[in-house]
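Under this note's numbering, the first residue of the sequence shown carries the number 7, and numbering increases by one thereafter. Input: a single structure, listed below in structure tokens.
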Amino acid sequence: MISNQKSGDSSTNLQAGKNIVLNQNGTIALYSIEEVSKQLMNSVFGELPADTKKQIESNQKSYFCTLTENLGKLIKQGEDLKKVISSPDFQFISKTAAITASRSSSLELHKNLSSLITQRINNDDKDLKKIVYDEAISTIGKLTVDQLKIITLSYLLKHTSYSGIRSWETYIKYFETHIKPFIDFNHTMAAFQHIEYTGCGSVGISSWDLVAIHRQEYAFLFLNLVEKEQIDNLNLPLEIKKEIITLDLKEDKFMIRVKNESDLETYLKRKKIDVEIIKKLTVIYRNHIKNNEEIKKKITTETSIGKKILDLWDKTDISHLSLTSVGIAIAASYFEQLVGEKIDIDIWIN
């Protein structure tokens, strides 16, 4: 349970800007927000007009409020948590986050900083991820909302595959819920140059083919029906046919119900199907995927934002953008704040 409270007889104060307390039950709480604000104003901002001080105090309260909510996601507890919070490295990055939050009234920034601080604590024992989160915390305040959308959209479309897509309807829903929040942004050359400057990514000569990515990842959405004879000639076990083959009664042809070629091969190997049969079925699968132009037409005409996504891909530098580990960490955090779902970035940063 997270709450604002002072430390008592059963608590141990930790010097994380005097704003975090650990009691015997391992409960984290934030307290003395006004004291922290005063410390930061005196040590960092110096003498300021009364209105400016008031705004800083308001910004800090907003930040610590969102941090309170995020601390419920902490994995580390007890002495492990105390060790992390009392370390010089965490002390420094915690102060950095608080100072960044103090300078802005953006609730979005406060939420992102809170999320990154929580991840930083949880990954303290992983050297690379700890460094990446330190850099992400130091960097995120330098990015505009437009630039956050750019790096998040790039990450989602290039580097993630959504397991919840099981039909054309869920594919359309995925576009609406996971992609649409990030497609409206100012895509000037300066925006991409600044992303490079912050160390979140680089714009190169080579580009990624978005249609080809979706053709590979979500191939089952773009499959043509297969003649019954081609499947019957393989003499697949009845169990396999029941699990992955469906008869289209209207066309009297088969549909292979597997997400993509890689998943099909993995499934067949797990079922210990003969190697030659695996080769033949994967070739049939591959040969029945629509070509890129057909897929592009389906995406642009049968989804509400497909055309806009592909236009952005073709007409801006986003297809040429390669993200760094810091860019990936920030993108995953921003996605979580807007969509409410967490992305596991371990595959990219380990």
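Even for Gly, the Cβ is constructed at its ideal location relative to N, Cα and C.
If only uninterrupted beta strand (DSSP E) runs of at least 3 residues are considered, those enclosed by the segment 224–273 are 251–254, 259–262. Contact between the segment 263–282 and the segment 310–324 is absent: fewer than three C-beta pairs spanning the two stretches fall below 8 Å. Relative to Ala335, the option among Glu53, Arg109, Ile157, Ser112 whose CA is nearest is Ile157.
When rounded, the separation of the alpha-carbon atoms in Asp86 and Ser100 is 17 Å.
Taking the C-beta atoms as reference points, Ile262 is found no nearer than 7 Å to Tyr224. If you look at Gly207, you'll find it in the beta strand (DSSP E) that goes 207–209. Its chain contains Thr306 as the residues whose beta carbon lies nearer than 7 Å to that of Lys313, once the 5 sequence neighbours on both sides are disregarded; these appear in chain order. Taking 7 Å as the cut-off, the Cβ atoms of Lys88 and Thr124 do not count as close. Straight through space, the alpha carbons of Leu77 and Phe96 are spaced by roughly 15 Å. Burial check for Leu244: the Cβ neighbour count within 10 Å stays below 16, so the residue is exposed.
At a Cβ-Cβ threshold of 7 Å, Ile146 and Ser108 do not count as neighbours.
Contact annotation, Leu327 with Phe181: C-beta distance approximately 20 Å; criterion of less than 8 Å not satisfied. Residue pairing by DSSP places Ser325 opposite no residue, since no beta bridge is assigned to it. Taken through DSSP and simplified to helix, strand or coil, Ile349 comes out as coil.
In the structure shown, Ile283 adopts helical secondary structure according to DSSP, grouped into three states. Distances from the CA of Asp254 to each of Thr166, Lys275, Val217, Val232 were compared; the closest alpha carbon is that of Val232.
Going by beta carbons, Gly207 and Gly333 fall inside the 7 Å limit. Ranked by Cα distance from Ile81, the first of Asn129, Phe51, Ala104 is Asn129. Per DSSP, the continuous alpha helix (DSSP H) segment holding Gln153 begins and ends at 151–165. With at least 16 other beta carbons inside 10 angstroms of its own, Val217 counts as buried. Nearest to Glu308 by alpha-carbon distance, out of Gly84, Glu175, Lys164, Asp350, is Glu175. Counting only the Cα atoms, Ile91 lies some 14 Å from Ser120. Taking C-alpha positions only, Phe260 is separated from Ser213 by approximately 36 Å. Proximity of the segment 164–172 to the segment 130–141 falls short of the contact definition, fewer than three beta-carbon pairs being nearer than 8 Å.
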